[in-house]
């Protein structure tokens, strides 16, 4: 913004005249348009004009004008709407020499008092934006971004007025320039911040809009102009989904009721893939970037085709080069991925989801994932090892489904699909405690159907190694997993019990040792 200009007496008189015209009920539409357009131009450089626009009555008049459904087909009406928005946006800046937040608070309180219902009169869907031109809505996004910085009360009011639905619609279109995409993502991330959408917030999203929300990361994942989705954008979209679904049982239940568990899994996999992107593919213009785009979007344009290849990270994408990821970004991404793991786990624990059992398409896909070998047996680094979060989620989902009585028909998973073979091989070597925990719990569920299955599991190469790793782990929760798994394996089989007796004794001894150390520390 240009330096503040001092307003002379004639200019001040003109400013007052413009404000009178804007307030006058006798002013024609052309007079109103001229006044607002002039005020918008002046407010770019004039601090006095911006100060005048901060007035309660002025802001209310501007918002009243926007609240009337404006036919935007004509360039003149579009120009007027843009001028109104520019006045609102510039009013947010106040004077350049403000030493406190008094003006910002005044503007914010007026806007919050009025609300954001007027936004819903602006085009948002692709058809509307093409029909009327996207310029007005793009300006609205920029202005809303300005407004959102004024007060913490603004996102709450935006949530009350269901502004998230308008933002989702406009992001789902292909009409926003790059800066407006970032602003819109940040806006709905602020709306979905935990604690903002508290009662009495509006109803949950419709099926169509929830589906669009789950698809936003796919839409902006990678493009020829901007490259791979930035960590900030990924964080905005990913956090919004997690926070929305964590808002209550109603939101979470929507995923199952609407049959969107597959889309949630797809989003989780995409976040996982993007988090692993090596530094040499960050530029989508490069040859590596072209490879990344091909591997993110295959076949018919969906994230992954129906061949289930999406469940195996592509070795061309997951190069052995170290990802260039800031430590803070990495910690955030890991936390996000774990949030998805637990969200998916909770969904699978839902009785409505569990009733579908192994017939649910997502569960079928997960069985295939766990049953398949690494991409190539000769790879020095198994591709499966590069995605412990995906495998952790797969184990959690299948475990919870089996726990709802489905375990009675789970014997074929071991005897036919051999689902345990590569799982056990992974658990012997993984460094991820979450995967160890989830994998051992799944093995317990798989051991439930009958003695024959339990014996097959107990005699599988590597099973004793898994139990040993759990038994000797420094984490007491994983040592409990060891005891639980061994108990499940040796049930009804004296021979198997004898085979695992040394490990059972080791678990008991280690627990005694740790308990003694803990008691001594407490003393």
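In the numbering used here, the protein residues as written are 50 to 572.
Here a beta-carbon is modelled for each residue, glycine too, at the ideal position from N, C-alpha and C.
- By the beta-carbon neighbour count (other beta carbons within 10 angstroms, threshold 16), residue 494 is buried.
- In the structure shown, residue 515 falls within a helical segment according to DSSP collapsed to helix, strand and coil.
- With a minimum length of 4 residues, the unbroken runs of alpha helix (DSSP H) contained wholly in the region 58-106 fall at 58-72, 78-91 and 96-102.
- Here the alpha carbon of residue 497 sits roughly 45 Å from the alpha carbon of residue 240.
- Residue 302 and residue 185 have their C-alpha atoms spaced approximately 36 Å apart.
- Contact check for residue 88 against residue 77 fails: the beta carbons are separated by 8 Å or more.
- Partner residues in a beta bridge of residue 286, as assigned by DSSP, do not exist.
- Under the criterion of beta carbons closer than 8 Å, residue 319 and residue 267 qualify as touching, at roughly 6 Å.
- For residue 141, the secondary structure class from DSSP, reduced to helix, strand or coil, is coil.
- Shown here, residue 318 sits in a helix according to DSSP, grouped into three states.
- In the three-state reduction of the DSSP assignment, residue 161 falls in the helix class.
- For residue 470, the uninterrupted alpha helix (DSSP H) run begins and ends at 468-478, by DSSP.
- In the three-state DSSP reduction, residue 277 falls in the strand class (E or B).
- For residue 487, the enclosing alpha helix (DSSP H) has its first and last residue at 482-495.
- About 7 Å separates the beta carbons of residue 475 and residue 440, which is inside the 8 Å limit, making them a contact pair.
- When the beta-carbon positions are compared, residue 455 and residue 403 come within less than 8 Å of each other.
- Beta-bridge partners assigned by DSSP to residue 136: none are found.
- Residue 213 and residue 512 have their alpha carbons spaced roughly 49 Å apart.
- Ranked by Cα distance from residue 209, the options 217, 387, 478 and 247 are led by 247.
- In this structure, residue 159 lies away from residue 72, with their beta-carbon atoms at least 8 Å apart.
- Cβ-Cβ distances below 8 Å link residue 225 to 183, 187, 190, 219 and 233 in the same chain, with the five nearest sequence neighbours on each side left out; the list follows chain order.
- In this structure, the beta-carbon distance from residue 325 to residue 411 does not fall below 8 Å.
- When rounded, the separation of the alpha-carbon atoms in residue 521 and residue 453 is 31 Å.
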